[in-house]
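>
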Amino acid sequence: MLSRRKWIKRLSRLPLVGGFVSGGILATGSARAAETVARDYFGELGVRPVINAAGAYTTLTASIMPDEVLAAYRQTAGEYVSYNELHDAVGRKIAELVGCEAAMVTAGAASAMTLATAGVLTGLDEEKAKRIPIDLSGMKHEVIVQKAHIVGYTHAIINCGVKLVVVERERELINAISDNTALLYFTDEHGLDGRVGHEAFVKMGKENGIPTFIDAAASIPPKENISKFTDMGFDLVAISGGKAIRGPQSAGLLMGRKDLVEAARFNGPPTSDRIGRGMKVNKEELVAMWIAVERFLKSDYDKEYETWMTQVDWLKDQLSSVEGLTAESIIPQSPNTVPTLQLTLQSGRFAATGYKLQNALLEGTPSVAVARPREDGFNLTTWMMKPKHLATVAMRVKEELLKAQRAV
Ligand SMILES: *Cc1c(COP(=O)(O)O)cnc(C)c1O
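Following our numbering, the numbering of the sequence shown begins with 1 at its first residue and continues without gaps.
(1) Taking the CB atoms as reference points, tell me whether Val370 and Pro339 lie closer together than 7 angstroms.
(2) Quick one: is Leu124 buried, meaning 16 or more other Cβ sit within 10 Å of its Cβ, or exposed?
(3) Curious, which full-length beta strand (DSSP E) runs of at least 3 residues does the segment 290-343 contain?
(4) Give me the Cα-Cα distance between Met172 and Gly247, rounded to the nearest whole angstrom.
(5) Measure the Cβ-Cβ separation of Phe410 and Tyr185 and say whether it is below 7 angstroms.
(6) Going by DSSP, what residues sit across from Ala53 in a beta bridge?
(7) Should Gly268 be listed as close to ligand 1, given that the test is whether its C-beta is under 6 angstroms from any heavy atom?
(8) Do Ala251 and Glu285 come within 7 angstroms of each other at the CB atom, strictly closer than that value?
(9) Say the cut is 6 angstroms; is the CB of Glu285 nearer than that to a heavy atom of ligand 1?
(10) Roughly how many whole angstroms lie between the Cα atoms of Ala27 and Glu79?
(11) Can you tell me the Cβ-Cβ gap for Leu164 and Val145, rounded? I've got them flagged as a contact below 8 angstroms.
(12) Run the CB neighbour count on Arg4, radius 10 Å, all protein chains shown included, and call it buried at 16 or more, exposed below.
(13) Short of 6 angstroms in beta carbon distance, which residues of its chain neighbour Trp7, apart from the five on each side in sequence? Order them along the chain.
(14) Could you pull the start and end residues of the alpha helix (DSSP H) that Met204 belongs to?
(15) In its own chain, which residues sit with a C-beta less than 7 angstroms from the C-beta of Val21, not counting the 5 before and 5 after it?
(16) Helix or strand or just coil, what does DSSP make of Leu401?
(17) Which residues mark the beginning and the end of the alpha helix (DSSP H) in which Gln358 is found?
(18) Got a sec? Which residues, its chain only, sit under 8 angstroms from Gly24 by beta carbon, not counting five neighbours each side?
(19) When every heavy atom of ligand 1 is checked, does at least one fall within less than 6 angstroms of the C-beta of Glu189?
(20) Can you tell me where the beta strand (DSSP E) with Gln75 in it begins and where it stops?
(21) Using DSSP's beta-bridge definition, name the partner residues of Lys163.
(22) Would DSSP call Leu136 helix, strand or coil?
(23) Run the CB neighbour count on Thr181, radius 10 Å, all protein chains shown included, and call it buried at 16 or more, exposed below.
(24) Excluding the 5 residues preceding and the 5 following Ala407 in the sequence, name in chain order all residues of the same chain whose CB lies nearer than 7 angstroms to its CB.
(25) Mind the definition here: the segment 66-75 touches the segment 83-103 only if three or more C-beta pairs lie below 8 angstroms; say whether that holds.
Structure follows, in structure tokens:
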């Protein structure tokens, strides 16, 4: 045991000791919160904040939660509730808002993919759930996917121990369906690359009585797409909670058929002997995700979109005077179908590549993150940027471009 003297000495090395001592152990939550506000957590950690001119990227912590969402997070943190009861209640609210049969909050879109797959394999069979991913005997264990739809996130599906059956053409897909087929898996990550489109894919699932799943994380925004794929007939739809919807970064949604969402939930927390036990979503995130969906659906998307267009056009004006640079306002097809400024370095005019410039901007002060670096350029977006940073982004990008400019 530490002596009281040693204990106080140790405490005094902590930055907050003044706060604790003056407030005492009975300090109210809000008094303590007020004292912590002034603390520079990132600074103490030696981590620099980044200006986000890139978009909703996981490596940049994706998005910033709006005040309403943070309020839900804070206000729910101070009480105990039944985890299962809360989980189910939030799922029902979100399903109502979205207009789908059932929904659940997951620990992100990737978690939704794993839980959805596990649910399709096990239903509500406890004994089967315990065996995933080691022993899939007695379960359908094949997932059919188009070659173009194999992406990094596919790992979240094979976590369950399933075998991927890879096809390219519609005929091949039909032929691949067998008694072992558990799921037909589709992703929007690469836009329209697959040979079998959304509707034909859904139809094949229905005709053969096999559930269809879509990772639609890349299709939000626009906000209408939150219900587009359940409406289209996909049995299960996964999206990210912390990107365009601006919920907690470690949250996502699984939406769709009631029995399948229930089975997915069965494979997740809080039960310990399940593949999804490590994919816990805490009570604050559950509620915050519900409020984030509510806010997202209420928001005036057209107005936001117009703001982003105006901002991108403003950036374009600021940079168009840089000789040797082509600046174009574009809307990429997928993912992130939002106003974007595409900057192209004309051949021979700059001494740096897009990759080098991206790095210089990130390493510079302040740190600015840009998107899609390539040999001859990079992109800027404003949809995840704080408006107050717009002028700084224009200035820093221009500075780096001028530094790299070759005399002609
Ligand atoms: C971001 C993303 C995911 C993963 O989302 P998380 O919520 O971070 O798990 C999955 N698929 C696609 C296409 C994505 O863009």
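A virtual CB, placed ideally from N, CA and C, is assigned to each residue, including glycine. On a predicted model such as this, the values are computed, not experimentally measured, just so you know.
The answer reads as follows:
(1) no
(2) exposed
(3) 325-330
(4) According to the sequence provided, residue 172 is Glu. The question's Met does not apply to it. About 39 angstroms.
(5) Outside the displayed span of the chain (1 to 408) sits residue 410, for which this structure offers no information.
(6) Val370
(7) no
(8) yes
(9) no
(10) Low local confidence applies: a pLDDT of 47 at Ala27 is under 50, so the model's placement there is unreliable, with the coordinate-based value given in what follows. In a straight line, the C-alpha of Ala27 is about 17 angstroms away from that of Glu79.
(11) 6 angstroms
(12) With a pLDDT of 48 at Arg4, under the threshold of 50, the modelled position of that residue is not reliable, and the figure given next carries that caveat. Looking at its Cβ environment, which holds fewer than 16 other Cβ atoms inside 10 Å, Arg4 is exposed.
(13) The predicted position of Trp7 is uncertain, since its pLDDT is 47 and thus under 50; a value taken from the coordinates is nonetheless stated next. There are no such residues.
(14) 198-208
(15) The predicted position of Val21 is uncertain, since its pLDDT is 41 and thus under 50; a value taken from the coordinates is nonetheless stated next. Result list for Val21: empty, nothing under 7 angstroms.
(16) helix
(17) 354-363
(18) Low local confidence applies: a pLDDT of 45 at Gly24 is under 50, so the model's placement there is unreliable, with the coordinate-based value given in what follows. Once the five neighbours on either side are set aside, Gly24 has no close Cβ partner at all.
(19) yes
(20) Taken as a continuous stretch (DSSP letters only), Gln75 belongs to no beta strand (DSSP E), being part of the alpha helix (DSSP H) at 67-76.
(21) Glu142
(22) coil
(23) buried
(24) none
(25) no
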